[in-house]
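*Asks:* In case it helps, my numbering puts the sequence shown at residues 6 to 491. C-beta: ideal position from N, C-alpha, C; glycine also. Keep in mind that this is a model prediction, so the values were computed, not measured.
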Amino acid sequence: PKGRVKKSPINVGVKYRLWEHFDVTISYIRGERLAFSASTFYNFGYTKGFLPKIDDPLPYRAPVNIESLGPFRPEDTLAQELLTAYEEQGLKILDIFFTDHPNCQKSLRIHVLNESFRLECKLRERLNHLLAYLMPVNIEEVTIVIFSEGFPIQEYVFRMEFVRRFADQEIGPHELQLLSPMKEVSYPPLSLSTTLFSRPRNLFNFELAPRIYTFFGSSTGKFKYNFGLSASINGFLPKDIYYNIITGYSLLETVRSCNDFDRLNPSQLINVRTDIIRYFQTHGLTLDEAYLQKTWTLGKGWYARLSAGYFEVEYGGAATELLYYPIKGCWAIGVEGAILKKRNYSGLGFTNRVRKLEGFKPTYHKFLGSQYFLNVYYDWKPAHLDFKISAGKFLANDWGVRYEMSRYFPSGLRLTLWYTCTNGRDRVNGETYFDKGIGFSMPFDIFYTHSERTSWNYGISAWLRDVGVQASTGLNLYELIYDQRQ
Numbered sequence: 006p007k008g009r010v011k012k013s014p015i016n017v018g019v020k021y022r023l024w025e026h027f028d029v030t031i032s033y034i035r036g037e038r039l040a041f042s043a044s045t046f047y048n049f050g051y052t053k054g055f056l057p058k059i060d061d062p063l064p065y066r067a068p069v070n071i072e073s074l075g076p077f078r079p080e081d082t083l084a085q086e087l088l089t090a091y092e093e094q095g096l097k098i099l100d101i102f103f104t105d106h107p108n109c110q111k112s113l114r115i116h117v118l119n120e121s122f123r124l125e126c127k128l129r130e131r132l133n134h135l136l137a138y139l140m141p142v143n144i145e146e147v148t149i150v151i152f153s154e155g156f157p158i159q160e161y162v163f164r165m166e167f168v169r170r171f172a173d174q175e176i177g178p179h180e181l182q183l184l185s186p187m188k189e190v191s192y193p194p195l196s197l198s199t200t201l202f203s204r205p206r207n208l209f210n211f212e213l214a215p216r217i218y219t220f221f222g223s224s225t226g227k228f229k230y231n232f233g234l235s236a237s238i239n240g241f242l243p244k245d246i247y248y249n250i251i252t253g254y255s256l257l258e259t260v261r262s263c264n265d266f267d268r269l270n271p272s273q274l275i276n277v278r279t280d281i282i283r284y285f286q287t288h289g290l291t292l293d294e295a296y297l298q299k300t301w302t303l304g305k306g307w308y309a310r311l312s313a314g315y316f317e318v319e320y321g322g323a324a325t326e327l328l329y330y331p332i333k334g335c336w337a338i339g340v341e342g343a344i345l346k347k348r349n350y351s352g353l354g355f356t357n358r359v360r361k362l363e364g365f366k367p368t369y370h371k372f373l374g375s376q377y378f379l380n381v382y383y384d385w386k387p388a389h390l391d392f393k394i395s396a397g398k399f400l401a402n403d404w405g406v407r408y409e410m411s412r413y414f415p416s417g418l419r420l421t422l423w424y425t426c427t428n429g430r431d432r433v434n435g436e437t438y439f440d441k442g443i444g445f446s447m448p449f450d451i452f453y454t455h456s457e458r459t460s461w462n463y464g465i466s467a468w469l470r471d472v473g474v475q476a477s478t479g480l481n482l483y484e485l486i487y488d489q490r491q
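1. Going by alpha carbons, who is nearest to L328 out of W336, V340, G322, G334?
2. Quickly, what does DSSP pair N380 with across the bridge? List them, please.
3. Taking the alpha carbon of K393 as the point to measure from, which residue in W385, L400, R35 has its own alpha carbon closest?
4. Hey, would you say T252 sits closer than 8 Å to L292, going by beta carbons?
5. May I ask you to list the residues that DSSP assigns as paired with C263?
6. For K299, which of Y424, E125, G479, L234 has the nearest alpha-carbon?
7. Can you give me the Cβ contacts of P331 inside the same chain, cut-off strictly under 7 Å, excluding the 5 residues immediately before and after it?
8. What's the call for R358, buried or exposed, on a 16-neighbour Cβ count within 10 Å?
9. Is E4 helix, strand or coil by DSSP?
10. What is the DSSP secondary structure of Q298, counted as helix, strand or coil?
11. Rounded to whole angstroms, what is the Cα-Cα separation between E146 and L184?
12. Specify, as a first and last residue, the run of the alpha helix (DSSP H) that P178 falls within.
13. Confirm, please, whether the CB-CB distance from Q376 to L400 is below 8 Å.
14. What would DSSP say about K386, mapped onto helix, strand or coil?
15. Expressed to the nearest angstrom, what Euclidean distance is found between the alpha-carbon atoms of N210 and N249?
16. Closest to P367 by C-alpha separation, out of H116, L274, T200, E86, would be which residue?
17. According to DSSP, simplified to helix, strand and coil, what is L482?
18. Between S13, F122, E319, I144, which has its C-alpha nearest R78's C-alpha?
19. Roughly how far, in whole angstroms, is the beta-carbon of L132 from the beta-carbon of I149, given that I think they are within contact range, below 8 Å?
20. Report the option in Y91, Y47, T104 whose CA atom is closest to the CA atom of L118.
21. Run the CB neighbour count on I217, radius 10 Å, all protein chains shown included, and call it buried at 16 or more, exposed below.
22. So who's on the other strand from S477, going by DSSP bridges?
23. DSSP three-state label for R310, please.
24. My understanding is that I338 touches V381, with C-beta atoms under 8 Å, so please give their C-beta distance in whole angstroms.
This is the structure in structure tokens:
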């Protein structure tokens, strides 16, 4: 075929950014043709949101009530005032304990659930003002304990003499932060305390969200998808046991005509992930998740969890995790493990068999899945980079290491890359394939007129294979804690 005619080996162009959101480009190509293009641009990483936070209240300042705890301001009145003020600020009080120490020191311990503020500095700003303008003058110390998903994560101990100096503008928020730093959760004897208020955790929360599954890896069109809706019910049972039930319904999909193995490069490992296509070829309502999880704060930076149930569309079982994440550290280390059974392609039952292809011929073997890992986390704050290394046994009985690197931005946007190197010896087009992919987390906060902690998470592998597969096993401890400390 004839090549393109050129009068010049150099392409020249000019780009102009208009109003910081529109790019206009004019180019002279090969000395032969003039080209024009226009595009839009939006910096999601540094945006403060599409809409101003007009529904967020200002930090608390009025009405000021520092009346002493006593006949003119009894304990139940104080509790009601605190409940109302905290909820107006987007915070939910779970418990209030009052202690009158033998040495005449009076103190409060308040358990708070933060469901609004994504940044820890914003949470602290609200707490500073609430304590400064609502706390009785005869209270000498207040401990605020921050909870997430049924377990305490961190606490702040405020000496009220410093808080009152903050209220009088004798010290600023930075000085108050130094005088009341974030600490590990303590467990003082509550037998000496009076419970002013206590409420059970929410039993029911209902959420409706889009359901999106995407795959690369088909000889009849490489990209396949399943779009639909998911409805979830979650909450807390007695003893702060968290439960989560998610049902799904497909609305638009291209997986129905797709084979459950690659006809050009069939995986020769046991099929722990490539047959996931079969789970999305069923009709009607599906039960995607249904599990229980109990989490403990063990003290001195140690956390643990147990979970059991249907963890995802393909697997269910039991899992455990132990994590060490010191309050002042930028690193964490933990171990986790799970025993998993493969679900039937439809319904609620399990199967004890897994398929393995010998060339193109299917064979079936007994299967009880297991995975266990040593996890190391590091947050490189100056560079806004987060690293995770998981070393151990993957679901297809391959051993190796998964590397993850995330870049996070002030807006809450997070971009993630991962690469997994194992001894699975998976072959694609004559070369050894290692699992790799990209993902992102987009905070809903940027679309709302109020502060919000929820986000949309999405990730996709470069190819749908069985090497380097990790099954989901519930809520990850590091992510739960990190989200409250960032």
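*Replies:* Reading from the atomic positions:
1. Start at 1 with the first residue of the sequence shown, and residue 328 comes out as number 323. Of all alpha-carbon atoms in W336, V340, G322, G334, the one lying nearest the alpha-carbon of L328 is that of V340.
2. Start at 1 with the first residue of the sequence shown, and residue 380 comes out as number 375. Residue pairing by DSSP puts N380 in a beta bridge opposite G339, S395.
3. The residue labelled residue 393 in the question sits at position 388 within the sequence shown. Of the listed residues, the one whose Cα sits closest to K393 is W385.
4. Working through the sequence shown from its first residue, we reach residue 252 at position 247. Working through the sequence shown from its first residue, we reach residue 292 at position 287. Taking the C-beta atoms as reference points, L292 is found nearer than 8 Å to T252.
5. The count along the sequence shown starts at 1 and reaches residue 263 at position 258. DSSP lists no partner for C263.
6. As a working mapping, residue 299 is identified with position 294 in the sequence shown. Between K299 and the set Y424, E125, G479, L234, the nearest pair of CA atoms involves G479.
7. As a working mapping, residue 331 is identified with position 326 in the sequence shown. Excluding sequence neighbours, P331 sits near G306.
8. Indexing the sequence shown from 1 puts residue 358 at position 353. Exposed is the call here.
9. This structure leaves residue 4 out entirely; the chain is present only between 6 and 491.
10. The count along the sequence shown starts at 1 and reaches residue 298 at position 293. Looking at Q298 - three-state DSSP - the assignment turns out to be strand.
11. The residue labelled residue 146 in the question sits at position 141 within the sequence shown. The residue labelled residue 184 in the question sits at position 179 within the sequence shown. Between E146 and L184, the C-alpha separation is close to 12 Å.
12. Residue numbering aside, residue 178 sits at position 173 when the sequence shown is read from its first letter. In the DSSP assignment, P178 falls within the alpha helix (DSSP H) that extends over 178 to 184.
13. To locate residue 400, count along the sequence shown from 1; it is residue 395. To locate residue 376, count along the sequence shown from 1; it is residue 371. In this structure, the beta-carbon distance from L400 to Q376 falls below 8 Å.
14. Against the sequence shown, residue 386 aligns to sequence position 381. In this structure, DSSP gives K386 a helical state, which the three-state scheme calls helix.
15. The residue labelled residue 210 in the question sits at position 205 within the sequence shown. The residue labelled residue 249 in the question sits at position 244 within the sequence shown. Between N210 and N249, the C-alpha separation is close to 10 Å.
16. Translated into the one-based positions of the sequence shown, residue 367 becomes position 362. Considering only alpha carbons, the answer is L274.
17. In the sequence shown, the residue the question calls residue 482 occupies position 477. DSSP places L482 in helix when its eight states are reduced to three.
18. Taking the first residue of the sequence shown as position 1, residue 78 is located at position 73. Taking only the C-alpha atoms, the option nearest R78 is I144.
19. Residue 132 sits at position 127 when you count from the first residue of the sequence shown. Residue 149 sits at position 144 when you count from the first residue of the sequence shown. Sure, about 6 Å apart at Cβ, within 8 Å.
20. Counting from 1 along the sequence shown, the entry for residue 118 is found at position 113. Of Y91, Y47, T104, the smallest CA-CA separation from L118 is found for Y91.
21. To locate residue 217, count along the sequence shown from 1; it is residue 212. For I217, the number of other beta carbons within 10 angstroms of its own is below 16, and it is reported as exposed.
22. Translated into positions along the sequence shown, residue 477 becomes position 472. According to DSSP, which records beta bridges pairwise, S477 is partnered with nothing at all.
23. Taking the first residue of the sequence shown as position 1, residue 310 is located at position 305. Of the three classes helix, strand and coil, the one that applies to R310 here is strand, per DSSP.
24. If you number the sequence shown from 1, residue 338 lands on position 333. If you number the sequence shown from 1, residue 381 lands on position 376. Confirmed, Cβ separation roughly 5 Å.
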